[in-house]
Amino acid sequence: MTDAERPSIPRSVHDAAGAWLARRQAGTDPDGEKAFLAWLDADPRHRAAYDEAARAWRDSELLADSKVGRSRKLVRAPFLMRHSTHVGAVSLGVAAILGVGTLTMVRHAGPFDLVSAADAATYRTAVGEIRTVRLADGSTLTLDTSTLVRVHFTPDRRRLELAEGRARFSVAQDRRSFTVAVSGGEIVAHQTVFDVSVVGAEPTVAAIEGDIALQKEGRDGGVATQSLVAGKASSMGADAVPRARSLAEARWVSGMVALDKTPLGSAVAAINRYNHRQVQLGDPGLARLSVTGAFRARDPQQFAQAIATMFGLVVDASHPDRLILQPSRKKSPAARK
């Protein structure tokens, strides 16, 4: 069949085909096989999509057993399908988890492509995007704006790396430990919920539910373990001690930037992470003002107007890519502290 003669196959059909392939790889009962055959016969596109998925699976097995596959040291990793879920951004999300294979099958709008397991287990969000994905073990991963997480599961270990941004990890029960690597150490957890951020100078960790262990790299090259109980937060610095976590900081998953006596300079930086249109301070002295409140992360205009009202400032919105907060001619920043 030529490309011109090939039936147009919706993405939903490709996803269903992948799910059926995974189910049959794991083994189906007679009722399941009957349901599969009924689905296959219901539409010619179903059979075409299933054949395409099966070919990609067979090709992945052949490549893994070839000299090229062995030389690349491909590991056994979740067999995933992913596609873009954010308009205007090349962002990777899990569409379906399809068992275990040597390679990973990735489908963009058309044919299936083969990529290495390391690529398939990488999740990235665009500016302003907050996304939750379910991992192969049942854990959930919520990525904040501009965040990059790499996932590597083996039969003995669940290991992730937070390379950029901030993420929430809701860990499913499993015999394997769940480890998140950051600069300065690792976080080890079992059936807990916690946030990790690498946005600031040092990675920070907040325990939301359950206890976690921070394995910090010491100045002498050793590793010190620090326990962090629910309701506490700490940086990964060698000498950092736990503190009460801020309830406001945990609101980011709902798309809010919550501030509690936060310097305006830091507040502006937090809002700017979510937006292409940036808020700027027209006077350096404004950065020292203290801000308390909750603001929609993706609405810099609303944030700027609220700050202007709070401190008697004016907003210069004449530029398409920025909003400039300026002191009012009537009052200086020092007078509004």
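Going by my numbering, the letters in the sequence shown line up with residues 51 to 387, in that order.
Ideal Cβ positions, reconstructed from N, Cα and C, are used throughout, including at glycine.
Since the model is a prediction, treat every value here as computed from it, not as a measurement.
Taking every protein chain shown into account, the CB of H96 has 16 or more other CB atoms within 10 angstroms, so this residue is buried. By the Cβ test, the stretch 291-299 is not in contact with the stretch 318-328, since fewer than three Cβ pairs between them sit closer than 8 Å. Ranked by Cα distance from S316, the first of V232, R338 and N325 is R338.
Short of 8 Å from the beta carbon of A263, and not among the five residues preceding or following it, lie these beta carbons of its own chain, in chain order: I237, V238, A239, T275, Q276, S277 and L278. Remark: C-beta atoms of T242 and R216 do not approach each other more closely than 9 Å. Looking at the DSSP output, A294 shares a beta bridge with K282. With a cutoff of 9 Å on beta-carbon distance, A300 and D245 are scored as near each other. Of the residues K266, F345 and P205, the one whose Cα lies closest to the Cα of R225 is P205. In the DSSP assignment, T359 falls within the unbroken alpha helix (DSSP H) covering P350 to F361. When the alpha-carbon of T254 is set against those of R269, F228, T182 and G235, the nearest one is in G235. Annotation for I321: the continuous alpha helix (DSSP H) segment containing it runs L314 to N322. The secondary-structure analysis by DSSP pairs I262 across a beta bridge with A239 and L278. When only Cα atoms are considered, L90 and D79 end up about 16 Å apart. Contact between R209 and A231 is confirmed by a C-beta separation of about 7 Å, below the 8 Å threshold.
P377: member of the beta strand (DSSP E) spanning R372 to P377, first to last residue. Membership of G343 in the beta strand (DSSP E) is indicated by the continuous run S340 to R346. Distance between R346 and T359, taken at the CA atoms: about 16 Å.
Setting aside the 5 residues that flank it on each side, E259 is surrounded in the same chain by T242, V243 and A280, each with a C-beta closer than 7 Å to its C-beta; the list follows chain order. Sequence-distant partners of A104 (beyond 5 residues in either direction) whose C-beta falls short of 8 Å from its own C-beta, in its chain, are L71. For G332, the CB contacts under 8 Å within the same chain, skipping 5 residues up- and downstream, are D366, I374, L375, Q376 and P377 in chain order. With 16 or more other Cβ atoms from the protein chains shown falling within 10 Å of its own Cβ, T192 counts as buried.
Only exposed fits S62, as fewer than 16 other CB atoms lie within 10 angstroms of its CB. Taking all protein chains in view, the Cβ of G68 is crowded by 16 or more other Cβ atoms within 10 Å, so the residue is classified as buried.
Bridge pairing for F228: R208 and A239 [DSSP]. Under the three-state reduction of DSSP output, A171 falls in the coil class, being neither helix nor strand.
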